[in-house]
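Input: a single structure, listed below in structure tokens.
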Amino acid sequence: MKAIGTAKRQKEPPGSMKFFIDTADIAEIRDLAETGLVDGITTNPSLIAKSGRDFFEVLKEICDVVPGPVSAEVTATDFAGMLREGNTLAKLADNIAVKVPLTVDGLKTCKALSDDGIKVNVTLCFSAAQAILAAKAGAAFISPFVGRLDDTGADGLQLIAEIVEIYNAYPDFHTEVLVASVRHVGHVIESAKMGADVATLPPAVLRAMYKHPLTDKGLADFLADWAKTGQTILSDGKEARRSA
Ligand code: G3P
367 MKAIGTAKRQ KEPPGSMKFF IDTADIAEIR DLAETGLVDG ITTNPSLIAK
417 SGRDFFEVLK EICDVVPGPV SAEVTATDFA GMLREGNTLA KLADNIAVKV
467 PLTVDGLKTC KALSDDGIKV NVTLCFSAAQ AILAAKAGAA FISPFVGRLD
517 DTGADGLQLI AEIVEIYNAY PDFHTEVLVA SVRHVGHVIE SAKMGADVAT
567 LPPAVLRAMY KHPLTDKGLA DFLADWAKTG QTILSDGKEA RRSA
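Heads up, the sequence shown is in my numbering, so the first residue is 367 and it goes up one at a time.
What follows is the structure, encoded as structure tokens:
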């Protein structure tokens, strides 16, 4: 990856990196939401198709489980159609973020919906120039696709670095950088180093973030040694018992 620029930061860094889950699988969402680590959900037409569920039904269910932003994508490609679909989707729940593609009609829709106070996630971003336009259009989120860029031989993370640098240079750009098309834990770590606001993770990537063989081995060793002491922390499930 090329060196990251060093533009002077004019904005406060985000308080924390947020994690969205990139799925419409409600069982996965319920399971991962229990960790308390899930800040939102992103869906797209492919993920809805994969779920095999009714679009509106599954979105409402997801919005009930996760209070944070839930991205629901329009499927019209013209401004009037996207606007109508976006307004329909926004009425589904208070936490819907309308997802529009990074086309000129998508940008127009983003501007119109954002001006009406609706959160918009501009998706299918593959260049810094596109990200600048999304911020100008008032997007709440820009979704650069790191994995799909890597697949072409380009450097997806370099794009994240460029967008973070550009957005940080302008206090009036309030668009959050939502790292999308994440393929592995390395994408998350490098994005976090750059101060990206959000990463949307396939469920397997979130799980891979906490799994470490040395954690498993270390825990097994601790528990084996503990068993040798014959002690328990809880007695009758209520209080600690200490050896005399
Ligand atoms: O939801 C948009 C994005 O995350 C898609 O990822 O894996 O289909 O490239 P992927």
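Every residue gets a Cβ at the ideal spot worked out from N, C-alpha and C, and that includes glycine.
Note that the structure is a prediction, hence the values are computed from the model and not measured.
Quickly, what does DSSP pair Pro-433 with across the bridge? List them, please.
None, per the DSSP bridge assignment.
Measure the C-alpha to C-alpha separation of His-550 and Ile-599 and round it to an integer number of angstroms.
38 Å
Proximity winner among Ala-546, Lys-577, Leu-580, relative to Thr-566 (alpha-carbon distances):
Ala-546
Contact set for Phe-421: own chain, Cβ-Cβ below 7 Å, skip 5 residues either direction:
Ile-414
Closer than 8 Å is the cut-off here; do at least three beta carbon pairs connect the segment 529-537 with the segment 512-519?
no
Compute the beta-carbon to beta-carbon distance between Ile-462 and Ala-438, rounded to the nearest angstrom, for a pair I have assumed lies under 8 Å.
5 Å
With DSSP as the reference, label Thr-581 as helix, strand or coil.
helix
Which ranges would you report for the beta strand (DSSP E) in the segment 440-480 if only whole runs of at least 3 residues count?
462-467
State the Cα-Cα distance for the pair Lys-384 and Leu-403, rounded to the nearest angstrom.
8 Å
What is the DSSP secondary structure of Pro-510, reduced to helix, strand or coil?
strand
Select from Thr-401, Leu-589, Glu-542 the residue whose C-alpha is nearest the C-alpha of Pro-379.
Glu-542
Measure the beta-carbon distance from Asn-534 to Ala-505 and round it to whole angstroms, keeping in mind my assumption that it falls under 8 Å.
About 16 Å separates the two Cβ atoms, so there is no contact after all.
Below 8 Å between beta carbons: does that hold for Asp-391 and Gly-434?
no
Whole runs of the beta strand (DSSP E) within the segment 538-599, excluding any shorter than 3 residues:
542-545, 564-567
Contact set for Ser-480: own chain, Cβ-Cβ below 8 Å, skip 5 residues either direction:
Val-486, Ala-503, Gly-504, Ala-505, Ala-506
Buried versus exposed call for Phe-588 [16 or more other C-beta atoms within 10 Å across all chains shown]
exposed
Taking a contact to mean a Cβ-Cβ separation below 8 Å, would you say Met-448 touches Val-432 in this structure?
no
Is Ala-546 near ligand 1, with its Cβ less than 7 Å from a heavy atom?
yes
Secondary structure at Asn-410, three-state DSSP: helix, strand or coil?
coil
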